[in-house]
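Trainee: In the numbering used here, the protein residues as written are 293 to 368.
Okay, here's the structure, questions in a sec.
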C-alpha cells in the first residue's frame, strides 16, 4: 500500500471511515468529488484546509481498497 500518513481511521471519527488525518473529511468525499468531475484545483478551492497531497493520498487509498480481493470460502 505504501506510505499513507495522511489517512487515518478512528472509530470515534466519522464512524470509523477513512479520513484525512486530523479532519472530518472522508476519503469517500474526496473520491466522490473527483468522480463527479471536479478537479483537484476545484476541490482545493472549495476546501482550502486540504492540501494536494491529501487528495492524492485519498485517491491512492481508495485505489488500494478497490484492489482488495474477496475469497469465497466453501461452507461445510
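The beta-carbon is built from N, C-alpha and C at its ideal position, and this holds for glycine as well.
With DSSP as the reference, please indicate the residues paired to residue 312 in a beta bridge.
Mentor: Residue 312 is bridged to 299.
Trainee: Between the Cα of residue 318 and those of 358, 347, 355, 356, spot the shortest distance and give me the residue it belongs to.
Mentor: Checking every option, the nearest Cα to that of residue 318 belongs to 347.
Trainee: Between the stretch 322 to 332 and the stretch 296 to 311, do at least 3 Cβ pairs fall closer than 8 Å?
Mentor: They do not touch, by the three-pair rule.
Trainee: Contact defined as beta carbons within less than 8 Å: I believe residue 313 pairs with residue 305. What is the distance between those atoms, to the nearest angstrom?
Mentor: With a Cβ gap of about 10 Å, residue 313 and residue 305 do not count as contacting.
Trainee: When you compare only the Cα positions, how much space is there between residue 302 and residue 366?
Mentor: Distance between the alpha carbons of residue 302 and residue 366: 33 Å.
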